[in-house]
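Novice: Chains as they are written, first to last, in this note's numbering: chain A, 4 to 105; chain B, 183 to 362; chain C, 1425 to 2069; chain D, 130 to 613; chain E, 1015 to 1523.
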Amino acid sequence: MSGPDVAWYLALAAVLFGIGALGVLIRRNTLVVLLSLELMLNAGNLALIALSRHFHNGAGQIFALAVMAVAASEVCVGLGLVVALNRRNLSLDVDTLSELRG
Amino acid sequence: MIAASAGNVVVWIVWVVAAFTCLGSAVAVVSFSNPFYSALALIGNLGSLAVLYLLLSAEFVAAAQVLVYAGAVVVMFLFVIAYVGPRRETPWSGGPGWQTIGAVAAAGALMVEIIVAIGMQASGSLSHETEVGTAFGTPAWIGRVFLVDHLLAFEITSVVLLIAAVGGVILGSHTKRATT
Amino acid sequence: MTGLTYGSWLCLLAPLAGTILILLGGSRIPRLAAAWIATTSVFVAFGGAVWAFFGVHSQHQGPELLPLTSQVTVPAHGEITTAWTWLQSGNFHVGLQLLVDPLSTVMMLIVSGVGGLIVLYSIGYMDGDEEERRYFAYIAFFVFSMLLLVEGGNLLMLLVGWGLVGLSSYLLIGFWHDRPSAVRAAKKAFVMNAFGDATMALAFFILIAHTNSLDFGVNFNAHLSGTATNFVALGLLGGAVAKSAQIPLQTWLPDAMEGPTPVSALIHAATMVTAGVYLIARTYPLFEHARTIQLIAAGAGALTLLVAGLIALVQTDIKRVIAYSTMSQIGYMFVGVGVGAYANGVFHLLTHAFFKALLFMTAGLVIHAVANEQDIRKLRGVGRLMPFTKWCFLVGALALVGIPPFSGFFSKDPIVASAAALGTWYGWIFWVCGVAGAFLTGLYTFRLWYLVFPGEPSPFVREHYHDHHGREGAWTMLVPVGILAVLATFAGWLQWTPRWDPFTRWLAPAAPSLAAAVPTDTQEYFTSVAVVIAGLAGLVLAWAIYSERRIAIPAAPFWRRLFEEKFYFDWLYDRIFYEPAVATAAFLRREFEEPVVLQTGPDVGNTTLATGSLVRRLQTGLLRTYVLFLAAGAAIVVLAFLIAR
Amino acid sequence: MSASGLTSILIWLPIAGAFGIWLLPLSRYATGSLALLLSLAEVGFWIEQATRFDFSRSGLQMSEQANWFGDLGVSYHVGVYGFSVWLVGLTVVVMAACIGYGFWVGRDRTRAYFGLMLLLTGATVGVFESQDLLLFYAFFEAMLIPLYVLIGVWGGARRMEATIKFVIYTMAGSLIMLAAIVSYGLKAGTFDLVDGPTSASRWLFLGFMLAFVIKAPLFPFHGWLPDAYREAPPEVAAVLSGVIAKAGLYGMLRIAITKFPDPTSFYRTTVLALAAAALVYGSLLAFRAPDFRGVVAYSSLAQSGLIALGLFAGTDLGFDGAVLQMVAHGLVSASLFLLAGVVERRTTTGEFRLLGGMARGRPALATLLMTVGVISLAVPGSSMFAGEFLILAGVFQRAWFWAVIGAAGILLAAMYMLRLISAVLHEARGSTVTDEALDLRPGELALIVPLVGVLLALSVWPAGISHHSFTPDSPTAAVRTGFK
Amino acid sequence: MSLNTPHIDWFGLSPVLTLIGASFFALLCAVLVPRALRRVASASISVVGFAAGIVLAVWLYVDSANGHTIAAGAFYRDRWTALGQIILCAVGLATTLLAVEHLPGWGRDADPGRRDDHVSEFFALLLASAAGMAFFVGAANLMVLFLSLEWFSIALYVMCAIDYDLEGSLEAGLKYLVVGSFGAATLLFGSALVYGATGKISFSGIATAIGSEGVTSDAFVVTGIALIVAGLGFKMSAAPFHMWTPDVYEGAPTTVTAWMSSATKVAALLLTFRLMTTAFPHNQHLWGWAFAIIATISLAIGNFAALVQRNVKRILAYSAIAQAGFMLIGLSTGSPLGARALMYYLIPYSAAAFGSFAIVAARERELGVPVTLDNLAGFGWERPFLGVAMWFFVFGFAGLPLGGGFVGKFYVFAAAYDHGWVWLVIVGVLATLVSLYYYLAIVRAMYMRPGAELQLHPDAGVAVTGGAPARESLLHVAVGAAFVVSFGSLFAVEPLIDLAQHAASTLPF
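#1: Let me see if you follow: with CB-CB separation under 8 Å, is residue 17/A close to chain C or not?
#2: Looking at chain A, is there any beta carbon in it that lies within less than 8 Å of the beta carbon of residue 1224/E?
#3: What residue from 1066/E, 1115/E, 1106/E, 1101/E has the CA that sits closest to residue 1052/E's CA?
#4: Counting along the chain, where does the beta strand (DSSP E) carrying residue 1705/C start and finish?
#5: For residue 191/D, report the span of its beta strand (DSSP E) as first-last.
#6: Considering only the beta carbon of each residue, do residue 1771/C and residue 1670/C sit closer than 8 Å?
#7: Consider the Cβ of residue 87/A: report whether some Cβ of chain E lies at a distance smaller than 8 Å.
#8: Applying a beta-carbon distance threshold of less than 9 Å, which residues of chain D neighbour residue 1332/E?
#9: Between which two residues does the beta strand (DSSP E) holding residue 1506/C run?
#10: How many angstroms separate the CA atom of residue 1450/C from the CA atom of residue 1557/C?
#11: Taking only the alpha-carbon atoms, compute the straight-line gap between residue 1483/E and residue 1489/E and give it to the nearest angstrom.
#12: Assuming residue 1231/E and residue 1292/E form a contact by the criterion Cβ under 8 Å, report the distance between their Cβ atoms to the nearest whole angstrom.
#13: What residues are listed by DSSP as bridge partners for residue 1849/C?
#14: Against chain E, does residue 104/D count as a neighbour if the rule is that its beta carbon must be under 8 Å from one of theirs?
#15: Chain B beta carbons: is any one of them nearer than 8 Å to that of residue 43/A?
#16: May I ask which residues mark the beginning and end of the alpha helix (DSSP H) holding residue 207/B?
#17: If you drop the 5 nearest sequence neighbours on each side, which residues of the same chain put their C-beta closer than 7 Å to that of residue 1367/E?
#18: Under 8 Å between C-beta atoms, does residue 63/A make it to chain E?
#19: State the DSSP-derived secondary structure class of residue 1386/E, mapped to helix, strand or coil.
#20: 8 Å is my cut-off, CB to CB: does residue 1172/E come that close to chain B?
#21: Can you tell me where the beta strand (DSSP E) with residue 1089/E in it begins and where it stops?
#22: What three-state label does DSSP hand residue 1172/E in the structure shown?
#23: Under 8 Å between the Cβ atoms of residue 1241/E and residue 2062/C?
#24: At least one CB of chain F closer than 8 Å to the CB of residue 2062/C: is that the case?
#25: Relative to chain E, which residues along the region 281-303 of chain B have a C-beta separation below 9 Å, given in chain order?
#26: Can you grab the Cα-Cα spacing for the pair residue 1494/C / residue 1715/C, in whole Å?
#27: With residue 1487/E as the anchor, note down where its alpha helix (DSSP H) starts and where it stops.
#28: Give me the residue from 1935/C, 1657/C, 1581/C, 1969/C with the minimum Cα distance to residue 1508/C.
#29: Report the neighbours of residue 373/B on chain A: residues whose CB is nearer than 8 Å to its CB, in chain order.
#30: Under a CB-based cut-off of 8 Å, is residue 575/D close to chain C?
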């Protein structure tokens, strides 16, 4: 069965990537920032899988699977940090985390 | 490809729906002021991506997507959000003015550039479509590829996960906290 | 190595040895020891000079007037000895050489002889000064330098001696270094002499550039263009006028009287200041090749002898009067060597050394006896108390004025005569100046005499006069004065050019007088008469004005002021040289060094730091900014690649 | 030991000594004496080297070569020529005197201090002996490091600005030189100074010259000089003006002129003009400087100008005179700075308006200062006179007016030196000159008298250096052939 | 069904495996060893692990004269990898020594009950990150690259935040995590695009694909390369991807900073050089220029920003950015000489970077407050050895002949000139000039300010004697080692260059 060719998927991935990036750039809530990072990684995944199909080789899919694991790990650490921050009663607003500057 | 043959109209419809869900949910993730909703929106996003993966005949990945992400990751998110309590925050606000402008500009630029690149390629290396066999994307096939071609990657992934787990434990451990 | 060589080296090194001995001895040796070390060393030098003299004499054949050669050859009647190569570069080399020939032996005799007497005199004069040792070290060092100057076997050695006498002169003028005036005078003397050294050096550079040598033996003129020779001569002349205090570089000499009187006698009368004359005589071929310059030298001399004479008329400091008379007498010598009568010039140098030293030392006796008072207006009648001094001074005065049979007469007149011998218009101008100078000499000399010595002692004198154990001074002071008085009287008889001229013949091999400058007997007689009359006229006038008060001092305020201001030379030089230099330095320091040179570095530094703090502002500490930079950077790179691919 | 061994020993003995001193926990006294001993050993080794050096032979002698990194043709290559021997001698003698001075005045933080002084000795000797561009550069930079700390730690009140200024200025020059070195060496395929070919590149020439004119320094690149010379401890200032400045001039001779004949002749007039400017400008400012060190500082600016005149005259006399003058002035300015230190120790100031009348009752001080002073104003017969005479005679052969300017400079020298002498020694006693201000102690005499002695010896036989720097062939020929 | 799994050259992976193994054991200590012994036990495990890693890496270096890929083309076994691993393990060893005496929250104000929290985990993470880097330098395809990158990054995120009682530490961790993940995502997307253009993920495959299909200027390739450059540029903290560096270096525990500043750069630069020359040789005209520009920006920003800092860790952080600029000069040439220059430069650099931060750590532990130029006063006199070492380190950074940095700079300049980039040499020279100011400032602070005027140091007594406090003997050993390397590399240039030359010989030029 045929469908929209790979360019469309890639375009979609690009847009997704852009939205994710925007999210990281404009959101101040740490959790949402982490979510947006997930979006970006997923954009990468989508591209990989589309291309994997396009070239008909498995590298892309494997890559994608690996990325999922990695993403999970990042989230794990990230959320760990969030918890730690919260425990020290620090705001999760990244803009308030500017003790280090200059 | 607007003049698509009747055979894949269905595919097209599915694709369009999935694509729009995907984008919509992504926008939602970024723009909800309440992280809780954002997390929920992410589930939708992941789901729609899974559908797209199916269209790309990557069943195993699609399954993994649903299980690992929607299943594990987002749930983890939800727990943490519940733990730290709802912290509302309005997007597009705070920080220096040029920050927001720059953000839109940079993200937009990246997106546009990549799309332009894709556009350039659409007629080029991407045009010729390869027909794929039925085995493509099945768990068995994946497993073979994994264990034969990319064994190392497989191993690494496990190490990464382990490290992350350790890190999570260290950072999240409640025990014996300093009196603050 | 012959006797004369040994003699010359002995003569040169004895005083140096004396200096070093005194320096090393330092405060460990008693004062008198230092004094006697110096004296002995100088007299040893005199012995060496005599030795050398006889060495040269033994080779000296009869009197031949060499034909005018346009080159200095190593004289037949002397020899050059080289100790070692002092300075060498490529194929230019200068040895540490001594030249002994008739001319240098004469100078050696004068320097060491008169020098010896004066050092002896100093023993008494400086007695009781707390830094006596330093004084004697200096003065011995001066004698060494002066001997190096006159014995130097090549131009560079001559220059070395030249500079060293300048140095020792500086040291001795500034000997009483807690007197600001003395220090200032010393610096002035040194700097003006340094100027002379510089011009000489430049002249030598020309010689090196053309002939790559500074030996007397070289035939410079063969390699030099006319212009070059003129410049060389000019440079040498610059040195000469500076050292001999001739116009336009004369202003340092009067101030130099700040030094102890024996110093004035030795350096600023007998020896150093006459070095210019020696220089011209020594390098006469160059000067004769640049005749214009040589005549300029004569002109400078003529001018100086008048100007100095005029200024001397209004001086009130006994030493300064004599100092100006020195300038004027050296002016005569310059006229002599300038017109080409080297023998006459040097002969006058000889006699002048005697009677001028005598004058200074008698003046020294007076000053020493009267509480270091130098103002002639207070010293009236001191002669009554110091007869010996009085008569010795009179001898000196007569010799100075040139009254026969005193030595001045025999040496001064031939110079004026040789000026006449030129027969040209400028020759006659020199002649007139000479005669006029004689008149002035008579006038100011006897003004001094009548103001100071005869008559009733002034109350000031009575009050301050104190004798030295019943004598007018220590024997060490009186003996040299006596000797010099004798010399001042009879030395002139050595030659009377119209009749006998052994001195000229003696010098002929080294510095043969220019044929054009050899006067006829008529010129000689005529000139002598004129000069003597002029001198007597001055003498009488002085008697009339200052002794008998027959004639009032002509009240010519402008002239008086002009003379007292020394023709405004000092004033002029301050305006032209010193003050501009100071102003420029101050200006550069204020307007360039501090704001520009020193400030540029810090300014750049601060700008950099400012940039730094700008960059630092980027580091907002906002996480999102960092991500933004990453994203933007990526976007830009992508864009650049897409464009540049 | 082998003759060539001497060359390396002269470099590494003090450096090793420095590390030794840092590592060994010696007492103050032991440290000082050890350092002094080492510096004297240096002098001894140098004498050995000078006696073994065959002045009648041309070309590099006592050379040693070891691979450093071959792929770029950089090697540890040291050796000496006639003129290097003299400059090395200057270095070791002056350093010995200065270390002695530091010992005498009892600098605190003894181990650090003497270690750095020794390090400085080694580095400076290295500059004069190294025959590889990168090695030269390394030592050239290495000189800075101890100097920085020496001035910064033991210096005067405004030492901070002084050090920063000094280091940044000189580094600005030498880094440009590094760029030039890289490009020269890669183009030539070797960094060896002996084998290296000559180059016609004006940019490279300028790159090298910049470093040297700042180090020397020449007008108007002397912005660092007054502060550094005023704020540094006297013995360090002595080293600065006596030795370090000479490294810049040595560089001009060994590298800029030798390796870049065409650019040299192209820029000759420019450099001569700068040099002449330095001479006159420095003399003028020295003439108005308000303090002892100021006079000496600006006078060394003037002297650098004079020496540069000689070097860039490009004549036999110029080269010989320049080398002679480098040594003579090195000794003179070192002695003067030490004397300045001696005076400052007694009166706590170098300001002329507070000084004066020190001659009375202090014969040794007076005699020494007077002697050094008159030598430094180049009274005829002195070694300085010999040097200046040769230099000016040499530059006169290039063009007469340089010599005239030079002569004017000499005249000014007389003026400022006499001013200094009388301001310190003569006239009324200064307000800070008390009776406690004693005459020189034996220790100080033992430091300064040798320097003066060497100066007098040079005055007796200047040809000893002037004719033993480029022999046997004439300097110009030697330079043209790159000292082959 | 039968899987013919590929033959794995275990020996080729041995250093990595050793480190992972050690990491596991260290982790086990956390649960098996009694609290009192944990520090010692896990530290010794770490020491053993790194030592073994060094030995094996050396062995590998000797044994892999002709480099090749192993494990189905996933990993390079060659001297470039081996040499990189040697450096990494050495730094790791030193870091261990430094870390043994590290106390969370700088000990003083942390409550003593917690001083041994997570000590084993810390070493486990250290080893794990080291393993990740050791793997990273040998990565042979984009996937392994990405994964190993994340591997050591995640470990580093945690290590940065491990002093979670200090807000700064947490902040550093979070900033590093977010920026890092963003960079990773960029890198990932870039890889995807390259994959899209060539259908290959192995470096050599990509190169051949680009070469054969003549898609050099293919939009995907260039965009991909661009994104990869950005992603890696972040890791080597090159401007403008550097912004995280100062904050993270300052906030992270100094021990960790020391480790990051030296090891991460080694890994990132070596990998980047290999990636660019192996996978994208045809696009050198792009990435060469890109890195040249990035180098310039890094030099400018790093140096200028460092001028106005007071906090020593920040100064060193900015100096690290500038140093990255210097090394990028070598990288941007992509020539054999450039490879040598880079490889050589890394050796003294990593030593000096580690050493300088270690010394800052020493001062921190002494004072219990962040080290600024002001409270560094008198340090040089109180702790002569550390002072002199610091002196040598910073002057080495500045390119003065007190360390290999001198020769390193010379080499990168030579490489740039050789490549025809005189302007880059000039830039480097000017940058060095600017950098002098703050490097000198450090020495000035240590030696030229009287330490007496601030009554901070509790144990000034030990200072004068020259002997250092015994409790920090290990730190002194570490610094001493760094000192020896950084100073020795000035003299032992020839052998090191030979090593680098052989290492670079397996790269395709």
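Glycine residues also receive a C-beta, built at the ideal position from the N, C-alpha and C atoms.
All values reported here derive from a predicted model rather than from experimental measurement.
Specialist: Answer, in terms of the structure:
#1: no
#2: no
#3: 1115/E
#4: Looking at the DSSP string, residue 1705/C is not in any beta strand (DSSP E); the run it does join, the alpha helix (DSSP H), is 1699-1706.
#5: 190-198
#6: no
#7: yes
#8: In chain order: nothing, as chain D lies at least about 18 Å away.
#9: 1503-1513
#10: 8 Å
#11: At residue 1483/E the pLDDT is 46, less than 50, meaning the model places this residue with poor confidence and gives no usable figure here.
#12: Their Cβ separation, rounded to whole angstroms, is 19 Å, which puts residue 1231/E and residue 1292/E out of contact at 8 Å.
#13: Residue 1849/C is not bridged to any residue.
#14: With chain D covering only 130 through 613, there is no way to say anything about residue 104/D.
#15: no
#16: 191-213
#17: 1275, 1276, 1334
#18: yes
#19: strand
#20: yes
#21: 1089-1091
#22: helix
#23: yes
#24: Absent from the structure: chain F. Protein chains present are A, B, C, D and E.
#25: 292, 295, 296, 298, 299, 300, 301, 302, 303
#26: Any reading at residue 1494/C must be qualified, since the residue scores a pLDDT of 37, below 50, and its modelled position is unreliable; no value is offered.
#27: 1487-1505
#28: 1581/C
#29: Residue 373/B is absent from the structure shown; chain B starts at 183 and stops at 362.
#30: no
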